[in-house]
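S.K.:
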Amino acid sequence: MIARIALIAVILTVSASPLSKKSIIDDCLAAAKVPYDEKGTLQWATDAAPFNVRIPFVPVSVAVPLTTEHIQATIRCGRHNGVKVTPKCGGHSYANFGFGGEDGHLVLELDHMYNVSLNNATGIATVQGGSRLGHVASELYKQGGKAISHGTCPGYGMSSHTKGLALDWLVGAKVVLANSSVIIVSEAEHPDVFWALKGAGSSFGVVSEFYFKTFDAPKQATNFLATLQWDAAKSIDGFKKLQDWADSTMPNELNMRLFITPRFTNLEGMFYGDKTDLQTVLDPLLATIGGRLTTSQTTDWFGNLQHFGNGLALDQKDNYQKVSYLTYTIRVGTPAETCTAR
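Taking mature numbering (1 follows the signal peptide of the UniProt record, and there is no 0), I'd label the letters of the sequence shown as residues -16 to -1, 1 to 326.
1) So which of 83, 120 and 56 has the shortest CA-CA distance to residue 299?
2) Would you mind working out which of 18, 17 and 72 sits nearest residue 30, comparing C-alpha positions?
3) Do residue 252 and residue 209 come within 7 Å of each other at the CB atom, strictly closer than that value?
4) By the 10 Å Cβ neighbour count, where 16 or more other Cβ atoms means buried, how is residue 281 classified, buried or exposed?
5) Within 10 Å of its beta-carbon, does residue 104 have 16 or more other beta-carbons around it, so buried, or fewer, so exposed?
6) Which of the three DSSP states, helix, strand or coil, is assigned to residue 93?
7) By DSSP's criteria, residue 208 is part of a beta bridge. Which residues make up the other side?
8) Buried or exposed: where does residue 246 fall if 16 or more other Cβ atoms within 10 Å of its Cβ makes it buried?
9) Which of the three DSSP states, helix, strand or coil, is assigned to residue 103?
10) What is the rounded straight-line gap between the Cα of residue 2 and the Cα of residue 88?
11) Our contact map puts residue 80 next to residue 41 with C-beta atoms below 8 Å; I'd like the distance itself, whole angstroms only.
12) Any idea what DSSP makes of residue 55, helix, strand or coil?
13) If I follow the unbroken alpha helix (DSSP H) through residue 146, where does it start and stop?
14) Is there contact between the region 191 to 205 and the region 153 to 169, where contact requires at least three CB pairs shorter than 8 Å?
15) In terms of residue numbering, what span does the beta strand (DSSP E) encompassing residue 193 cover?
16) Does DSSP put residue 36 in a helix, in a strand, or in coil?
17) Would you decide whether residue -12 is buried or exposed? Buried here means 16 or more other CB atoms lie within 10 Å of its CB.
18) State the start and end residues of the unbroken beta strand (DSSP E) segment that holds residue 47.
19) For residue 90 versus residue 45, is the C-beta spacing smaller than 7 Å?
20) My understanding is that residue 93 touches residue 150, with C-beta atoms under 8 Å, so please give their C-beta distance in whole angstroms.
21) With DSSP collapsed to three states, give me the class of residue 259.
22) Can you list the alpha helix (DSSP H) stretches of 4 or more residues lying completely in the region 116 to 169, in chain order?
23) Given a cut-off of 7 Å, decide if residue 133 and residue 148 are closer than it, judged by their beta-carbon atoms.
24) Distance, Cα to Cα, residue 200 vs residue 24?
25) Assuming the contact rule is C-beta atoms closer than 8 Å, residue 146 and residue 236 should be a hit. Round their C-beta distance to whole Å, please.
26) Pull up the distance between the alpha-carbon of residue 4 and that of residue 51, whole angstroms please.
What follows is the structure, given as structure tokens:
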């Protein structure tokens, strides 16, 4: 009798799994005319491929929206059938949060929503939620010689000290909420949601469009590399001197990052100006901390973006194809930190 009860419990558990609802979800998406990936196709293999291959979470279905209305319909399909909905933007997540951090989510693959439109009269750019950063930067430069400040890795970039973070240039967004309704948020409209999106954005909805104010792309920018002759002991003193200099003297035009590895230590960055002005700024610092300028090149804003792209094409629209083998520990029963519509 106990064995029969256990068997029934197992059967009920399996049948209750979100993965068992694939056909229901696919039928719902089809009825709403939402594009989705057929399992077993090349597109499914591409969109359902995890970034971190050590934790290959399996989605119940992968919707590929082209419009805000498609996102709304997908969320309704998930809500009505008890399946969590998670948007996947670039897919570059070491914990595979783009799949919900667990099996059985209805994934919104946003990589087909990559349009970027610049209003040259207002300087406001409309950026769809699936746009990759290099594509955004390329389009803004192409459409009007404009730019936004943005990160390189992780959120800090080679304009952050001069122009701030990307969030500093965000003026609004079109958001699909968990009940599938759509709102426009800004400082004037739904300011509480706008404030929330700029912090824990993944908890509040799916952004189908971002609205950014832009600035004129700098005509002159110099990238550089400086090597530091530091051993373990010198690193402590050198780092403190560098931090003190950054707090008191570092000009706004200078952006840089410090690498300390077992093999080398260097400063790398971008300066908004020419080589002569760069050396005027850096030479006293390098003399103090024990380093020398090894390379520098003056181009423009876009040339420096290409430089820090490490030889990869900037204007890419497809989802992120690299993989990671990072080990990640998940405690059973801990909710996934992801943008989930319930």
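Don't be surprised by glycine CBs; every beta carbon is placed ideally from N, CA and C.
M.R.: Per the coordinate set shown:
1) As a first step, residue 299 is located in the sequence shown; it is residue number 315 there, counting from the start. When each option's Cα is compared against that of residue 299, the closest is 120.
2) Numbered from its first residue, the sequence shown carries residue 30 at position 46. That would be 72, whose Cα lies nearest to the Cα of residue 30.
3) Start at 1 with the first residue of the sequence shown, and residue 209 comes out as number 225. Start at 1 with the first residue of the sequence shown, and residue 252 comes out as number 268. Result yes, Cβ atoms of residue 209 and residue 252 sit closer than 7 Å.
4) Position 297 of the sequence shown, counted from the first residue, corresponds to residue 281. When all chains shown are included, residue 281 counts as exposed.
5) As a first step, residue 104 is located in the sequence shown; it is residue number 120 there, counting from the start. It is exposed - the Cβ of residue 104 has fewer than 16 other Cβ atoms within 10 Å.
6) Residue 93 sits at position 109 when you count from the first residue of the sequence shown. It is a strand residue.
7) In the sequence shown, the residue the question calls residue 208 occupies position 224. 253 and 280, per the DSSP bridge assignment.
8) Stepping through the sequence shown from its first residue, residue 246 is reached at position 262. Per the 10 Å Cβ criterion, exposed.
9) Your numbering for residue 103 matches position 119 in the sequence shown. In this structure, residue 103 counts as strand in the three-state DSSP scheme.
10) Residue mapping note: residue 2 aligns to position 18 of the sequence shown, counting from 1. Residue mapping note: residue 88 aligns to position 104 of the sequence shown, counting from 1. For residue 2 and residue 88, the distance between alpha carbons rounds to 5 Å.
11) Position 96 of the sequence shown, counted from the start, is the residue given in the question as residue 80. Position 57 of the sequence shown, counted from the start, is the residue given in the question as residue 41. Yes, they are in contact, since the Cβ atoms of residue 80 and residue 41 sit about 5 Å apart, within 8 Å.
12) The residue you call residue 55 lines up with position 71 of the sequence shown. Correct three-state label for residue 55: helix.
13) Here the question's residue 146 lines up with position 162 in the sequence shown. It spans 144 to 147 - the alpha helix (DSSP H) in which residue 146 sits, taken as one unbroken run.
14) yes
15) Stepping through the sequence shown from its first residue, residue 193 is reached at position 209. Run containing residue 193: 190 to 197, per the beta strand (DSSP E) assignment.
16) Along the sequence shown, read from residue 1 onward, the residue named residue 36 stands at position 52. Note: residue 36 maps to strand in three-state DSSP.
17) Along the sequence shown, one-based indexing puts residue -12 at 5. Since pLDDT at residue -12 reaches only 46, below the 50 mark, its modelled position is unreliable, and no value is offered.
18) The residue you call residue 47 lines up with position 63 of the sequence shown. Taken as a continuous stretch (DSSP letters only), the beta strand (DSSP E) holding residue 47 covers 45 to 47.
19) Position 106 of the sequence shown, counted from the first residue, corresponds to residue 90. Position 61 of the sequence shown, counted from the first residue, corresponds to residue 45. Cβ distance < 7 Å, so residue 90 and residue 45 count as in contact.
20) Position 109 of the sequence shown, counted from the start, is the residue given in the question as residue 93. Position 166 of the sequence shown, counted from the start, is the residue given in the question as residue 150. Not confirmed; about 22 Å, so no contact.
21) As a working mapping, residue 259 is identified with position 275 in the sequence shown. Reduced to three states, the DSSP call for residue 259 is helix.
22) 117 to 128 and 144 to 147
23) For the purposes of this step, residue 148 is taken as residue 164 along the sequence shown, with counting starting at 1. For the purposes of this step, residue 133 is taken as residue 149 along the sequence shown, with counting starting at 1. Contact: yes.
24) On the sequence shown, position 216 is the one that residue 200 refers to. On the sequence shown, position 40 is the one that residue 24 refers to. The alpha-carbon atoms of residue 200 and residue 24 are separated by roughly 46 Å.
25) Locating residue 146 in the sequence shown gives position 162, counting from the first residue. Locating residue 236 in the sequence shown gives position 252, counting from the first residue. The pair is a contact, with the Cβ atoms about 5 Å apart (cut-off 8 Å).
26) Translated into the one-based positions of the sequence shown, residue 4 becomes position 20. Translated into the one-based positions of the sequence shown, residue 51 becomes position 67. If you take the alpha carbons of residue 4 and residue 51, they lie about 27 Å apart.
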